[in-house]
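**Q** Residue numbers (the numbering used here): 14 to 516. So that we are looking at the same thing, I have put the structure below in structure tokens.
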Ligand SMILES: Cc1cc2nc3c(=O)[nH]c(=O)nc-3n(C[C@H](O)[C@H](O)[C@H](O)COP(=O)(O)OP(=O)(O)OC[C@H]3O[C@@H](n4cnc5c(N)ncnc54)[C@H](O)[C@@H]3O)c2cc1C
């Protein structure tokens with residue numbers, strides 16, 4: 014692969030990376046977009062179902078809904094940016110420029126409503142919004158702009174010297190070379206590969222967060238990992254059964270057939286995601302199984318794609334869909350400001366790998382595509398002005414090309430077990446301590462190989478081990494049980510009645 018120079022290097026081609034590349038190109042920059050994906054399905058954006066929230070007549074209520082979902086922890090200034098930019102970004106870029114045809118009812122958009130949204134404000138295309146946004150946006154950037162897209166090309170390391178980023182080392186077909194850039198925009202998505210069950214594509218190994226953290230950039234809110242309560246896992250993999258199914262009347266039942274959610278929360282099946290996820294976990298542990306009863310409404314009529322998905326996976330949905338919680342979204346990430354600027358000069362992060370502060374400790378449904386779009390556009394435009402400089406790139410080695418067979422798979426397996434058991438939906442102080450020591454050892458073993466050998470899978474494993482440790486450490490340091498960070502001892506203390514005092 015050749016050494017390159019570009020004004021703006023964007024890493025990742027989900028909604029956030031595409032928005033950044035689009036905006037930087039529109040601002041007159043020479044843009045290179047590198048994605049390790051070979052197919053659009055390798056981005057979470059493609060898989061989004063419910064839709065993209067937009068601001069309608071009541072921006073204050075939208076803001077309040079986001080803050081409420083975060084248990085009051087969202088950064089108000091960041092939420093203001095999201096709410097103020099939302100309608101125009103969606104209209105101008107997705108609708109008028111890219112030409113996405115969101116579902117309508119008569120002359121109007123058919124705004125959907127999801128749990129914790131006080132009004133219908135979600136634009137969607139069937140229940141497969143992600144692919145209907147991602148594919149046309151990708152095609153638009155490829156065909157209608159001057160952005161150079163490098164597919165199957167992974168960023169391995171940032172080029173950094175004394176607090177400034179100069180681009181990244183890119184790998185393609187086992188060959189690597191530096192790309193020097195005036196600005197570098199990370200848009201690498203989520204961290205699903207750290208957990209055994211995730212709704213994300215397998216390639217979501219947290220590369221952007223790891224590269225930024227290793228280069229010395231600040232990260233924030235890493236303990237807040239959101240689990241979706243109703244994923245369906247089969248031999249073929251994991252797929253999401255959208256909240257909208259519960260919105261239509263789907264009921265959660267345990268192995269005894271008992272509907273249990275009313276016992277856990279007054280909003281029953283429509284309680285906040287973290288509450289439903291813990292309830293599903295607990296009922297599965299107690300009774301062996303939880304399933305979503307969709308006999309209460311016309312499931313195949315409302316969710317034809319999901320009905321087909323069930324059929325393809327050998328699930329007879331008329332008997333109920335077996336569900337369990339799965340990792341879904343990282344609320345934290347590379348700490349950025351309102352233009353996506355990270356703490357290192359000329360480094361930006363956008364989309365799921367960033368922490369804008371919008372989600373705080375928990376994310377409101379359907380705000381993630383919007384955040385990626387809004388911050389991608391802001392960052393891309395801001396990134397367009399920097400000059401390209403060169404530094405001596407780090408030397409990557411190929412001294413020891415043979416890895417023990419199954420090395421990456423075994424280490425990933427161990428990492429996922431620890432994350433699932435100790436850094437998952439429920440955490441304890443002791444468990445987090447144990448997790449950190451296992452993860453530190455594991456990272457040491459991976460680092461030893463990275464010092465002698467360069468391969469994409471090894472770098473992905475390194476990313477996962479760095480990010481896992483960041484999550485475990487942040488979780489151990491936060492003693493407040495809030496949002497997605499649920500500490501068992503804090504809650505058992507809260508529920509245990511005070512012992513009677515002697516009179
Ligand atoms: C099943 C599912 C349903 C969802 N439903 C919704 C919804 O209805 N509404 C909503 O708002 N959100 C939803 N979300 C969340 C939302 O889809 C994601 O948070 C969002 O799409 C993330 O966008 P992104 O651009 O940051 O990352 P992604 O779309 O994940 O894209 C990341 C890109 O980075 C590339 N990449 C990663 N590492 C490297 C590297 N080292 N080098 C080069 N390229 C790299 C990947 O190949 C990919 O192209 C859903 C998520 C899932 C998984």
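For each residue, glycine too, the CB sits at the ideal point set by N, CA and C.
Taking the C-alpha atoms as reference points, what is the distance between residue 201 and residue 220?
**A** Taking the chain shown and counting its residues from 1, one reaches residue 201 at position 188. Taking the chain shown and counting its residues from 1, one reaches residue 220 at position 207. Their Cα atoms are separated by approximately 6 Å.
**Q** Whose CA, out of 341, 474, 378, 216, lies closest to the CA of residue 127?
**A** Within the chain shown, numbered from 1, the residue matching residue 127 stands at position 114. Closest option to residue 127, Cα to Cα, is 378.
**Q** In the segment 186 to 251, which residue ranges form an unbroken alpha helix (DSSP H) of at least 4 residues, counting only runs that do not cross its ends?
**A** The qualifying runs are 220 to 228.
**Q** For residue 450 and residue 438, what's the separation of their Cα atoms in angstroms?
**A** On the chain shown, residue 450 is found 437 positions in, with the first residue counted as 1. On the chain shown, residue 438 is found 425 positions in, with the first residue counted as 1. Approximately 19 Å between the Cα atoms of the pair.
**Q** Would you mind sorting residue 78 into buried or exposed? The rule is 16 or more other CB atoms within 10 Å of its CB.
**A** Stepping through the chain shown from its first residue, residue 78 is reached at position 65. Flag for residue 78 reads buried.
**Q** Is there at least one non-hydrogen atom of ligand 1 closer than 6 Å to the beta-carbon of residue 144?
**A** Residue numbering aside, residue 144 sits at position 131 when the chain shown is read from its first letter. Residue 144 Cβ: outside cutoff for every heavy atom of ligand 1.
**Q** Helix, strand or coil for residue 347, going by three-state DSSP, please let me know.
**A** Taking the chain shown and counting its residues from 1, one reaches residue 347 at position 334. Residue 347 falls in the strand class under three-state DSSP.
**Q** Are there 16 or more other CB atoms within 10 angstroms of the CB of residue 461, so buried, or fewer, so exposed?
**A** By one-based count along the chain shown, residue 461 stands at place 448. It is exposed - the Cβ of residue 461 has fewer than 16 other Cβ atoms within 10 Å.
**Q** If you measure between the beta carbons of residue 347 and residue 225, is that distance less than 7 Å?
**A** Residue numbering aside, residue 347 sits at position 334 when the chain shown is read from its first letter. Residue numbering aside, residue 225 sits at position 212 when the chain shown is read from its first letter. In contact: residue 347 and residue 225 (Cβ atoms closer than 7 Å).
**Q** Under three-state DSSP, which class holds residue 358?
**A** Start at 1 with the first residue of the chain shown, and residue 358 comes out as number 345. Reduced to three states, the DSSP call for residue 358 is strand.
**Q** Measuring CA to CA, which of 76, 395, 327 is closest to residue 355?
**A** On the chain shown, residue 355 is found 342 positions in, with the first residue counted as 1. Nearest option by C-alpha distance: 395.
**Q** Jot down the residue ranges of each uninterrupted beta strand (DSSP E) in the segment 105 to 154, minimum 3 residues, whole runs only, in chain order.
**A** For the segment 105 to 154, not a single whole beta strand (DSSP E) run of length 3 or above is found.
**Q** Hey, out of 340, 45, 272, whose CA is closest to residue 432's CA?
**A** Along the chain shown, one-based indexing puts residue 432 at 419. For residue 432, the nearest C-alpha among the options comes from 340.
**Q** Under the assumption that residue 389 contacts residue 87 (Cβ atoms under 8 Å), give the Cβ distance between them as a whole number of angstroms.
**A** Along the chain shown, one-based indexing puts residue 389 at 376. Along the chain shown, one-based indexing puts residue 87 at 74. That belief does not hold up - the Cβ atoms of residue 389 and residue 87 are roughly 19 Å apart, past 8 Å.
**Q** How about the segment 151 to 165 and the segment 356 to 376: do they share at least three Cβ pairs that are nearer than 8 Å?
**A** Too few Cβ pairs lie closer than 8 Å, so no.
**Q** Quick check: residue 178 and residue 361, are their CB atoms within less than 7 Å of each other?
**A** Counted from its first residue, the chain shown places residue 178 at position 165. Counted from its first residue, the chain shown places residue 361 at position 348. In this structure, residue 361 does not lie closer than 7 Å to residue 178 by Cβ.
**Q** Report yes or no: do three or more beta-carbon pairs, one from the segment 394 to 409 and one from the segment 172 to 186, lie closer than 8 Å?
**A** Touching, per the Cβ criterion.
**Q** Let's test the definition: count the other Cβ atoms within 10 Å of the Cβ of residue 15 and tell me whether it reaches 16, buried, or not, exposed.
**A** Here residue 15 is taken as the residue at index 2 of the chain shown, counted from 1. Per the 10 Å Cβ criterion, exposed.
**Q** Closest by CA to residue 457, which one among 446, 475, 445?
**A** Working through the chain shown from its first residue, we reach residue 457 at position 444. Taking only the C-alpha atoms, the option nearest residue 457 is 475.
**Q** Under a Cβ-count criterion, where at least 16 other Cβ atoms within 10 Å of its own Cβ denotes burial, should residue 507 be classed as buried or exposed?
**A** Position 494 of the chain shown, counting from 1, holds the residue named residue 507. Here the model assigns residue 507 a pLDDT of 48, short of 50, so the residue's position is not dependable, and the following value carries that caveat. Classification for residue 507: exposed.
**Q** Take the Cβ of residue 286 as the centre, count every other Cβ of all protein chains shown within 10 Å, and call the residue buried at 16 or more, exposed below.
**A** Sequence index remark: in the chain shown, residue 286 carries index 273 (1-based). Classification for residue 286: buried.
**Q** Can you tell me the Cα-Cα spacing of residue 51 and residue 416, whole angstroms?
**A** Here residue 51 refers to the residue found at position 38 when the chain shown is read from its first residue. Here residue 416 refers to the residue found at position 403 when the chain shown is read from its first residue. Spanning the two alpha carbons is a distance of roughly 24 Å.
**Q** Can you tell me the Cβ-Cβ gap for residue 137 and residue 205, rounded? I've got them flagged as a contact below 8 Å.
**A** The count along the chain shown starts at 1 and reaches residue 137 at position 124. The count along the chain shown starts at 1 and reaches residue 205 at position 192. No, residue 137 and residue 205 are not in contact; Cβ-Cβ is about 22 Å, not under 8 Å.
**Q** Please list, in chain order, all residues of the same chain as residue 425 whose beta carbon is under 8 Å from its beta carbon, the five residues on each side excluded.
**A** Working through the chain shown from its first residue, we reach residue 425 at position 412. Once the five neighbours on either side are set aside, the close Cβ partners of residue 425 are 206, 474, 477.
**Q** Taking only runs of the alpha helix (DSSP H) that begin and end inside the segment 367 to 454, which ones reach a length of at least 4 residues, in chain order?
**A** The qualifying runs are 381 to 396, 420 to 435.
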